[in-house]
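Worksheet: one structure, shown below.
There are 2 protein chains.
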Amino acid sequence: MEAEPRRTPIRERFREQVRDDVKTIALEQLADGGAQAISLNAIAKELGVSGPALYRYFANRDELLSSLVVDAYSDLRDALARPVGAGERRAEERGAGENARIRRLARAYRVWAQEQPHRYELLFKPPLPGYDAHSTQISEAGRSLMGVVLGVIDGGSDATTSPLDSAEVLHARSTGAPNFQLAVRVWSRLHGFVSLELGGAYNAMSVDADALFDAEIDVLTDGGEL
Amino acid sequence: MEAEPRRTPIRERFREQVRDDVKTIALEQLADGGAQAISLNAIAKELGVSGPALYRYFANRDELLSSLVVDAYSDLRDALARPVGAGERRAEERGAGENARIRRLARAYRVWAQEQPHRYELLFKPPLPGYDAHSTQISEAGRSLMGVVLGVIDGGSDATTSPLDSAEVLHARSTGAPNFQLAVRVWSRLHGFVSLELGGAYNAMSVDADALFDAEIDVLTDGGEL
DNA sequence: CATGCTTGTTAGAGCTTGTAACTCCGCGTG
DNA sequence: CACGCGGAGTTACAAGCTCTAACAAGCATG
């Protein structure tokens, strides 16, 4: 569907540029005010154009939001892949690297979420109930993230250069690779911790979040069973 | 602050009644459409009154939302306390009850979230950034929930009859009770799993959620270390 | 040059939250 | 009983949002 109009490349470049500008301002609005504060109208005003102009670039508000989600996934993915790969290079311990990699992964995950809480929050907001038009891109991005986690778990630094793509992820799943379940569990726990932390739950009941995080990491790495 | 007007009891009753009606309709809107779909205007229309009338009962939309959050916390709390207490009564195993209690708690938690996903989602939506006026009530409700979890972990069925109140929770924390950290970790993991499940993450990458959940429960109960 | 696609404009429908000003009814008190 | 006050509801309206429709202008290629 959606008869993709084929634009002249120069036009296309400009188009991407504008889309990026819009997203940049949207991220600012997101940073202070949350997802609800993102307003196409306000963005247009800030860009010096008039409201409906932006509908040339985003079909509707939801498409902008979805786009931000996809970007955030890919950003988080990179933020995870980088330190893990770097660690592999300086490689204090080569053989027993898995635990070290998981530690780095976990810390990077938490740090990323702490530094841009609203953006992290955005990843898990989207329409619970049904699937909108762009959900395929979103879940694709999610799988890509899992690819990195999976790479960290049973692979090594190659996650940096070429993170497993979705096809590989699906393959790992369908072959029943135990490490895939492991990776999912790691993600699940990380998300549980980070989500409660951002929600202010630990704060509200005076829990030492740092200590708790360290404890969870220890379980994740020390015990063969996690 | 807020000079509480002292109303005649009959008035007060009526007032509570209307507030409940509003919340009921709000829950319906929440069930299909998410939190964003809750509209004071639409609720008023459905109640047969005119828009601004509802502002006699809720200062603004946020207060309605906060009220729903508090109710949801208390509802979830009850849903957790009930089966755990019941299990204690039929008590297939008396001494080794802790694992059984945790299992029941975990299952009840997941079931509650699955049955009313939007309501569960609501619990972790509220304003990340700052604290609005009602956040004290909300975090109070959250602590109350933790009281039940804590009761399940190191107490027994008395969680049913008299769940630990916030004071006790705070006491348990300040005395550095190890079970408190344990309870928080249980909650964190449960939330991580449930949140990803509701978000459709497992579905999106064809993970067997049931198996994963069982595996996580096993870790939670079997290994002395969790 | 001329045609057509792309982008921008203004106007406006329809929705929302929330305020202001006014009416009305019932309850408790004098 | 009568009065009056307070709570509840009304309409009108401001300001904001998303998004559509209809129209004007510009760049780029045939």
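Chains as they are written, first to last, in our numbering: chain A, 74 to 299; chain B, 74 to 299. Even for Gly, the Cβ is constructed at its ideal location relative to N, Cα and C.
Original post:
Does the Cβ of G121/B have 16 or more other Cβ atoms within 10 Å, making it buried, or fewer, making it exposed?
Top reply: Taking the first residue of the second sequence as position 1, residue 121/B is located at position 48. The residue in question, G121/B, is exposed, as its Cβ has fewer than 16 Cβ neighbours within 10 Å.
Original post:
From the beta carbon of S268/B, is the nearest beta carbon of chain A less than 7 Å away?
Top reply: Within the second sequence, numbered from 1, the residue matching residue 268/B stands at position 195. The beta carbon of S268/B falls within 7 Å of a beta carbon belonging to chain A, placing the residue at that interface.
Original post:
By a C-beta neighbour count over all protein chains shown, 10 Å radius and 16 as the cutoff for buried, is R150/A buried or exposed?
Top reply: What you label residue 150/A is simply residue 77 of the first sequence in a count that begins at 1. By the 10 Å Cβ count, R150/A comes out buried.
**OP:** Would you mind telling me which residues of chain B sit closer than 7 Å to V242/A, beta carbon to beta carbon, in chain order?
**Re:** Counted from its first residue, the first sequence places residue 242/A at position 169. Within 7 Å Cβ-Cβ: M278.
Subject >> Contact list for F197/B against chain A, beta-carbon separation under 7 Å >> reply: For this step, residue 197/B is matched to residue 124 along the second sequence. Chain-order list of chain A residues neighbouring F197/B: S268 and G272, by C-beta distance under 7 Å.
**OP:** Give the straight-line distance between the Cα atoms of A256/B and H191/A, rounded to the nearest whole angstrom.
**Re:** Here residue 256/B refers to the residue found at position 183 of the second sequence. Here residue 191/A refers to the residue found at position 118 of the first sequence. Whole-angstrom Cα-Cα distance: 27 Å.
Subject >> Beta-carbon gap between L127/A and A117/A smaller than 7 Å >> reply: Looking up residue 127/A in the first sequence gives position 54. Looking up residue 117/A in the first sequence gives position 44. Cβ atoms of L127/A and A117/A: closer than 7 Å.
Subject >> Distance, P156/B Cα to L178/B Cα >> reply: What you label residue 178/B is simply residue 105 of the second sequence in a count that begins at 1. What you label residue 156/B is simply residue 83 of the second sequence in a count that begins at 1. Cα-Cα distance, rounded: 7 Å.
Original post:
So which of L113/A, Y182/A, R262/A and T97/A has the shortest CA-CA distance to Y146/A?
Top reply: By 1-based counting over the first sequence, the position of residue 146/A is 73. With distances taken between Cα atoms, Y146/A lies closest to Y182/A.
Original post:
Name the chain A residues whose beta carbon is nearer than 8 Å to that of R258/B?
Top reply: If you number the second sequence from 1, residue 258/B lands on position 185. Within 8 Å Cβ-Cβ: L285, A288 and E289.
Original post:
Cβ of R176/B within 7 Å of Cβ of T97/B?
Top reply: Locating residue 176/B in the second sequence gives position 103, counting from the first residue. Locating residue 97/B in the second sequence gives position 24, counting from the first residue. No. Outside cutoff.
Original post:
How would you label V184/B, buried or exposed, when you count the other beta carbons within 10 angstroms and need 16 or more for buried?
Top reply: If you number the second sequence from 1, residue 184/B lands on position 111. Exposed, since its Cβ has fewer than 16 Cβ neighbours within 10 Å.
Subject >> As assigned by DSSP and simplified to three states, the class of M219/B >> reply: Looking up residue 219/B in the second sequence gives position 146. In this structure, M219/B counts as helix in the three-state DSSP scheme.
**OP:** Show which residues of chain B have a CB atom less than 9 Å away from the CB atom of Q254/A.
**Re:** Residue mapping note: residue 254/A aligns to position 181 of the first sequence, counting from 1. Result: V280, D281, A284, L285 and A288.
Subject >> Chain-order list of residues whose beta-carbon lies under 6 Å from that of N172/A (same chain, five-residue window excluded) >> reply: On the first sequence, position 99 is the one that residue 172/A refers to. Closer than 6 Å at the Cβ level, and outside the excluded window around N172/A, lie T294.
Original post:
Does R262/A come within less than 7 Å of chain B when only Cβ atoms are used?
Top reply: Stepping through the first sequence from its first residue, residue 262/A is reached at position 189. By this cut-off, R262/A is an interface position.
Original post:
Using a Cβ-Cβ cut-off of 7 Å (strictly less than) and excluding sequence neighbours within five positions of R134/B, which residues of its own chain qualify?
Top reply: The residue given as residue 134/B occupies position 61 in the second sequence. Taken in chain order, the residues that qualify are L113.
Original post:
Relative to the ligand ZN, is the shortest distance from any of its heavy atoms to the C-beta of N276/A smaller than 6 Å?
Top reply: Among the ligands in the structure shown, none appear at all, so the ligand ZN cannot be discussed.
Subject >> Sequence ranges, alpha helix (DSSP H) only - wholly within the stretch 102-175 of chain B, length at least 4 >> reply: 113-120 and 134-163
**OP:** Would you mind sorting I290/A into buried or exposed? The rule is 16 or more other CB atoms within 10 Å of its CB.
**Re:** Locating residue 290/A in the first sequence gives position 217, counting from the first residue. Per the 10 Å Cβ criterion, buried.
Original post:
Quick one: does R129/A have its CB under 7 Å from some CB of chain B?
Top reply: The count along the first sequence starts at 1 and reaches residue 129/A at position 56. Cβ-Cβ to chain B under 7 Å: no for R129/A.
Subject >> Residue range of the alpha helix (DSSP H) that includes R192/A >> reply: Here residue 192/A corresponds to residue number 119 of the first sequence, with the count starting at 1. From DSSP, the alpha helix (DSSP H) with R192/A extends over P190 to F197.
**OP:** Determine whether the Cβ of S139/A lies closer than 7 Å to any Cβ atom of chain B.
**Re:** Here residue 139/A is taken as the residue at index 66 of the first sequence, counted from 1. S139/A has a beta carbon lying at 7 Å or more from every beta carbon in chain B.
Subject >> Range of the contiguous alpha helix (DSSP H) that encloses D295/B >> reply: Residue 295/B sits at position 222 when you count from the first residue of the second sequence. That residue, D295/B, is in no alpha helix (DSSP H); it is neither H nor E in DSSP.
Subject >> Minimum Cβ-Cβ distance from S112/A to chain B less than 7 Å >> reply: Here residue 112/A is taken as the residue at index 39 of the first sequence, counted from 1. So no, S112/A is outside the interface.
Subject >> Whether V242/A touches R174/A by CB criterion (7 Å) >> reply: Taking the first residue of the first sequence as 1, we reach residue 242/A at position 169. Taking the first residue of the first sequence as 1, we reach residue 174/A at position 101. It is not a contact, given that the beta carbons lie outside the stated cut-off.
Original post:
Quick one: is G265/A near chain B, going by C-beta distance under 7 Å?
Top reply: For this step, residue 265/A is matched to residue 192 along the first sequence. Yes, G265/A counts as interfacial toward chain B.
Original post:
Using 7 Å as the limit for Cβ to Cβ distance, is G215/B near chain A?
Top reply: For this step, residue 215/B is matched to residue 142 along the second sequence. True, the Cβ-Cβ gap to chain A drops below 7 Å.
Original post:
Count the other CB atoms within 10 Å of the CB of F131/B; is the residue buried (16 or more) or exposed (fewer)?
Top reply: Locating residue 131/B in the second sequence gives position 58, counting from the first residue. With 16 or more other Cβ atoms within 10 Å, it is buried.
Subject >> For S261/A, the first and last residue of its enclosing alpha helix (DSSP H) >> reply: Stepping through the first sequence from its first residue, residue 261/A is reached at position 188. Its alpha helix (DSSP H) spans residues P251 to G272.
Original post:
Secondary structure at S208/A, three-state DSSP: helix, strand or coil?
Top reply: The residue you call residue 208/A lines up with position 135 of the first sequence. Looking at S208/A - three-state DSSP - the assignment turns out to be helix.
Original post:
Are there 16 or more other CB atoms within 10 angstroms of the CB of R262/A, so buried, or fewer, so exposed?
Top reply: Position 189 of the first sequence holds residue 262/A. Per the 10 Å Cβ criterion, buried.
Original post:
For R80/A, does the three-state DSSP call read helix, strand or coil?
Top reply: Within the first sequence, the letter at position 7 stands for residue 80/A. R80/A: coil per DSSP, three-state reduction.
Original post:
Mapping DSSP to helix, strand and coil, what is V225/A?
Top reply: Here residue 225/A refers to the residue found at position 152 of the first sequence. Correct three-state label for V225/A: helix.
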